[in-house]
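Residue numbers (this note's numbering): 9 to 253. Glycine included, C-beta positions come from ideal geometry on N, C-alpha and C. A quick note: this is a predicted structure, and the numbers were derived from the prediction, not measured. Step one of this worksheet: look at the structure below.
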Amino acid sequence: MSLGMFCAIPLPYRKWHENCANLVIPFFPAVGSIIGALWYGAARLLLSAGLGKVMLSATLMLFPYAITGFLHIDGFMDTNDAILSRRSREEKLRILKDPHTGAFAVVSVLVLFVICFASTYEIVSGTSAAGKLRFLLFIPAISRSLAGAALLSLKALPQSSYGSYFKKNVKTVHKIVVVLPGIVAAAAVCLLLGIKGSIAVGAMAAGFSISIIYAYRQLGGVSGDLSGYALTVSEACGLVALALV
């Protein structure tokens with residue numbers, strides 16, 4: 009259910025079980041682990057194929073967005089449209105639900121793509137590219153662990169299905185399940201990449217925390233759009249940090 013909801017990978021048909029809805033968010037990081045494995049696998053394959061640095065960077069930058077059907081980018085754009093409008097909270101919530109794409113959404117996603125492309129190019133062009141690319145294995149699991157924890161712990165917006173549906177019957181064990189993979193992934197990054205990995209993980213955590221807190225204060229709760237916004241910022245911060253160290 010989690011894989012079918014949060015990923016665009018074609019899957020065999022499975023009936024939706026209402027009594028398992030409270031497991032969708034806890035298994036969000038597991039979806040991230042699969043995406044990370046495919047992302048890293050694509051990087052190794054394209055590197056061995058001798059793809060040029062520019063094309064390689066563009067492909068790797070777009071890969072995690074494409075494999076999720078641009079789901080989280082949609083949330084990133086919608087949230088930026090709302091919070092950058094500098095309107096009242098009621099008007100921001102209306103903009104968040106508006107299906108039309110505003111100027112702030114377009115500008116923000118262009119800035120995101122430029123930053124992520126430049127960071128990816130720096131990573132693949134460096135002398136330690138092979139080592140740094142291992143970070144791709146763990147970025148999606150860490151970001152989704154953070155997003156899942158926020159969705160299960162913070163007050164949901166009234167219009168959010170995450171508050172009225174996916175959080176029903178959520179217990180402490182569900183929160184542990186969503187946090188644990190992120191901790192394991194972060195520890196693995198620190199072990200594999202040392203201080204550089206620690207800095208990248210710290211940047212991801214800081215980027216997520218700052219963006220989710222800011223959006224939460226602006227809108228008064230969390231939703232799927234807000235979690236996608238913070239998740240996207242978190243992953244971008246990880247790439248930027250790894251490119252700079």
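According to the Cβ coordinates, are residue i and residue j closer than 8 angstroms?
| i | j | result |
| --- | --- | --- |
| residue 238 | residue 113 | no |
| residue 14 | residue 76 | yes |
| residue 38 | residue 173 | no |
| residue 243 | residue 72 | yes |
| residue 236 | residue 80 | yes |
| residue 219 | residue 149 | no |
| residue 162 | residue 230 | yes |
| residue 204 | residue 141 | no |
| residue 194 | residue 87 | no |
| residue 120 | residue 84 | yes |
| residue 20 | residue 186 | no |
| residue 100 | residue 91 | yes |
| residue 54 | residue 128 | no |
| residue 227 | residue 165 | yes |
Going by the DSSP bridge assignment, what does residue i pair with across the sheet?
| i | result |
| --- | --- |
| residue 230 | 164 |
Might you give, ordered along the chain, the residues of its own chain that have their beta carbon closer than 7 angstroms to the beta carbon of residue i, omitting 5 neighbours on each side?
| i | result |
| --- | --- |
| residue 196 | 146 |
| residue 233 | 83, 86, 87, 104 |
| residue 175 | 160, 164 |
Excluding sequence positions up to five away, which residues of its chain have a Cβ less than 6 angstroms from the Cβ of residue i?
| i | result |
| --- | --- |
| residue 6 | The chain is shown only over 9 to 253; residue 6 falls outside these bounds and no answer can be derived. |
Quick check on residue i: does DSSP put it in helix, strand or coil?
| i | result |
| --- | --- |
| residue 28 | helix |
| residue 15 | coil |
| residue 179 | coil |
| residue 69 | helix |
| residue 78 | coil |
| residue 137 | helix |
| residue 57 | coil |
| residue 62 | helix |
First and last residue of the alpha helix (DSSP H) that includes residue i?
| i | result |
| --- | --- |
| residue 129 | 111-133 |
| residue 95 | Where residue 95 is concerned, there is no enclosing alpha helix (DSSP H), given that its DSSP letter is neither H nor E. |
Can you find the residues in the same chain that come closer than 8 angstroms, C-beta to C-beta, to residue i, ignoring five residues on each side of it along the sequence?
| i | result |
| --- | --- |
| residue 246 | 143, 147, 150, 151, 208, 209, 211, 212, 215 |
Does residue i have its Cβ less than 8 angstroms from a Cβ in chain D?
| i | result |
| --- | --- |
| residue 105 | Among the chains in the structure shown there is no chain D, since it carries only a single protein chain. |
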